[in-house]
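Here is the structure we will look at.
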Ligand SMILES: [Zn+2]
C-alpha cells in the first residue's frame, strides 16, 4: 500500500516535472518573453567576471564531454575557456550594468526640432530560448526636446542591450526606454528587423523569414510621425 502511494507520488511528480519541462520547452520555442526587464537573480554580481569565467569553463567542458567529445584533442582543448570568456565578456557582456554606455548628452544648439533617425544599426544578439544568434538591423529615432546625444551613442545603446540573452520584443523596448531616459523625452522609436538562427537553422528551418518588432513612444504614436520614421528607414542609402 505504502509502496503504491510512494510509486504514485513519484510518478505524479515526475509527470508534473515532465509536463512542466514540455510547457517551458513550448514557451521557449514560441519565443514568448515574460518581462521588459531582463530576468536577473538578486545575486547576479556577487561573483567577479573572472570567477564566472572559471565556473562556465567547467560547465562547457562538462557539456562537451557529455556529448562524447575528446577534449584532449588540440582543436577542442581551448574551447571551454574560449566560450566562457566570450559569454562573460562579449556576447553577454551587456548583463553588467557597469558596462552601460555613459549618458553624455549635449544641448541642442542648432535648434534642430525635426526627427533624427539612426538607421541600419548592425545588431548581433542571442536568443534566450536557444542561445543561438539573432542577427539584424535596428533603426532608432528621436525628436529632441532640447537635448541631443552623439550619434554613435545610439549604436552603443543598441549594442549594450543586444549583448544579453534576449527576446526581440524586450530588446526593442529596452532600447527605447534607455534612450527616453538619456534624452529626457518620450519621443523615441525603434524598429528591429532580425533573423533568428533558431528559426532559420533549426526547428522550422525557414532561412528567409525575419522578425520585425517596433516600439513607438510619445509623438511616434501619432500616425504621421510614425509614417515619416518608417519612410526614412526605407530610404536606400548608397555611398
Ligand atoms: Zn530561439
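Numbering (this note's numbering), first residue to last: -6 to 232. Virtual Cβ for every residue (Gly too), placed ideally from N, Cα, C. What you are looking at is a predicted structure, and each value in this text was computed from that prediction instead of being measured.
Ordered along the chain, which non-local residues of its own chain (more than five positions away) have a Cβ less than 7 Å from that of residue 175? Same-chain partners within the cutoff: 96, 98, 142.
By the 10 Å Cβ neighbour count, where 16 or more other Cβ atoms means buried, how is residue 230 classified, buried or exposed? Residue 230 should be labelled exposed.
Assess contact between the region 71 to 86 and the region 189 to 196, defined as three or more Cβ pairs (one per stretch) separated by less than 8 Å. Is contact present? Contact between the region 71 to 86 and the region 189 to 196 is absent, because fewer than three Cβ pairs lie under 8 Å.
Below 5 Å from a heavy atom of ligand 1 - residues by beta-carbon: The answer, residue by residue, is 120, 122, 123, 191.
With the cut-off set at 8 Å, would you say residue 118 and residue 155 are in Cβ contact? Taking the C-beta atoms as reference points, residue 155 is found nearer than 8 Å to residue 118.
Terminal residues of the continuous beta strand (DSSP E) containing residue 184? Taken as a continuous stretch (DSSP letters only), the beta strand (DSSP E) holding residue 184 covers 181 to 189.
Run through DSSP, which three-state label would residue -6 get? The pLDDT assigned to residue -6 is 49, lower than 50, so where the model puts this residue is not dependable; a value taken from the coordinates is nonetheless given after this. Residue -6 falls in the coil class under three-state DSSP.
Could you pull the DSSP bridge partners for residue 153 from this structure? Bridge partners of residue 153 according to DSSP: none are assigned.
Strand pairing of residue 31, partner residues [DSSP]: Beta-bridge partners of residue 31 (DSSP): none assigned.
Suppose contacts are defined by Cβ-Cβ distances below 8 Å. Is residue 226 in contact with residue 110 by that definition? Cβ atoms of residue 226 and residue 110: closer than 8 Å.
Starting from residue 126, follow the beta strand (DSSP E) in both directions and report where the run begins and ends. If you look at residue 126, you'll find it in the beta strand (DSSP E) that goes 126 to 136.
From the DSSP secondary-structure annotation, give me the bridge partner or partners of residue 142. DSSP lists 98 as partners of residue 142.
Opposite residue 62 in the DSSP bridges: which residues? DSSP, once it has assigned bridges, lists no residue as partnering residue 62.
DSSP three-state label for residue 118, please. Residue 118 falls in the strand class under three-state DSSP.
Beta carbon of residue 138, beta carbon of residue 199: below 8 Å? It is not a contact, given that the beta carbons lie outside the stated cut-off.
Going by beta-carbon coordinates alone, are residue 150 and residue 168 separated by less than 8 Å? Yes, these two residues count as a Cβ contact at 8 Å.
How is the beta strand (DSSP E) around residue 207 delimited, first residue to last? Taken as a continuous stretch (DSSP letters only), the beta strand (DSSP E) holding residue 207 covers 204 to 209.
Under a three-way DSSP split, which group does residue 226 fall into? Assigned with DSSP and collapsed to three states, residue 226 falls in helix.
Would you say residue 100 and residue 140 are within 8 Å of each other, going by their C-beta atoms? Contact: yes.
Option nearest residue 209 by Cα separation, candidates 170, 52, 77, 228: When each option's Cα is compared against that of residue 209, the closest is 170.
Residue 121 burial status per 10 Å Cβ neighbour count (16 or more: buried): Burial call: buried.
Residues near residue 47 in its chain [Cβ-Cβ closer than 8 Å; skip 5 each side]: Only 77 meet the Cβ criterion.
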